[in-house]
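**Q**
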Amino acid sequence: MQSRDILDLVAKVHARQEIPGYLPNDAKTWLALVHIEIESPDKVAPLRPRMFRSYTELRKQHALPVLPIAIFLKVGLDGIGIDVYEEYFWELRPVRFEYLYVGLPALNAVEYVQGDNPLGWALAALMKIPKDQAVSLGMEALRRIAGADLSD
69 MQSRDILDLV AKVHARQEIP GYLPNDAKTW LALVHIEIES PDKVAPLRPR MFRSYTELRK
129 QHALPVLPIA IFLKVGLDGI GIDVYEEYFW ELRPVRFEYL YVGLPALNAV EYVQGDNPLG
189 WALAALMKIP KDQAVSLGME ALRRIAGADL SD
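Take 69 as the starting number for the sequence shown in my numbering and just add one per residue.
Rendered as structure tokens:
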């Protein structure tokens with residue numbers, strides 16, 4: 069029996085501009101899928117082939133462009149960047165797959181708590197926090213979340 073991967077989040081979204089590679093009059097010209105995986109283990113390697121498999125399955129099932137994004141809760145890497153999954157057959161590299169990532173532990177919590185994005189305030193607890201500012205920064209994040217004009 070083949071195991072199935074359960075995807076964390078897939079959303080069909082309207083693009084703000086035409087997506088290259090689609091016919092101009094095609095209704096799909098303005099549609100795409102966004103695939104987000106939230107990863108809690110402290111290793112990146114197991115996620116890489118899974119992101120590639122998920123991408124190919126989503127493309128096959130929906131025939132839409134897919135924007136793959138990984139959010140790492142315990143791996144920082146370079147904070148925000150592009151990660152790569154590659155397969156080799158001796159010197160030949162038949163597969164090179166890239167996806168965006170956010171490595172929360174490498175991001176500066178102070179910047180995000182002081183910013184305007186409520187998601188940044190909420191995720192700041194998983195970011196790099198100066199030890200002498202942990203309590204005050206946590207209180208500021210909670211204050212900003214509590215006072216935000218957010219719907220349920």
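For each residue, glycine too, the CB sits at the ideal point set by N, CA and C.
Among 165, 99, 116, 216, whose alpha-carbon lies nearest the alpha-carbon of residue 190?
**A** For residue 190, the nearest C-alpha among the options comes from 216.
**Q** Grouping DSSP H, G and I as helix and E and B as strand, with all else coil, what is residue 209?
**A** In this structure, residue 209 counts as helix in the three-state DSSP scheme.
**Q** Near residue 69, what residues of its chain come up, given a Cβ to Cβ distance below 6 Å and the 5 sequence neighbours on each side ignored?
**A** Bear in mind that a pLDDT of 38 at residue 69, under 50, signals an unreliable position, so the number given afterwards is only what the model happens to contain. Excluding sequence neighbours, residue 69 sits near nothing in its chain.
**Q** What does the Cβ neighbour count give for residue 209, buried or exposed, with the cut at 16 atoms within 10 Å?
**A** Classification of residue 209: buried, given that the 10 Å Cβ count is 16 or more.
**Q** Measuring straight from C-alpha to C-alpha, what distance separates residue 212 and residue 112?
**A** Going by the C-alpha atoms only, they are around 32 Å apart.
**Q** Are the beta-carbon atoms belonging to residue 138 and residue 172 less than 8 Å from one another?
**A** No.
**Q** When we look at the beta-carbon of residue 197 and count the other beta-carbons within 10 Å, is it buried (16 or more) or exposed?
**A** By the 10 Å Cβ count, residue 197 comes out buried.
**Q** Of the residues 129, 150, 159, which one's Cα is nearest the Cα of residue 136?
**A** With distances taken between Cα atoms, residue 136 lies closest to 150.
**Q** Helix, strand or coil for residue 69, going by three-state DSSP, please let me know.
**A** Here the model assigns residue 69 a pLDDT of 38, short of 50, so the residue's position is not dependable, and the following value carries that caveat. Reduced to three states, the DSSP call for residue 69 is coil.
**Q** Could you spell out where the alpha helix (DSSP H) holding residue 191 opens and where it closes?
**A** Per DSSP, residue 191 belongs to the alpha helix (DSSP H) from 186-191.
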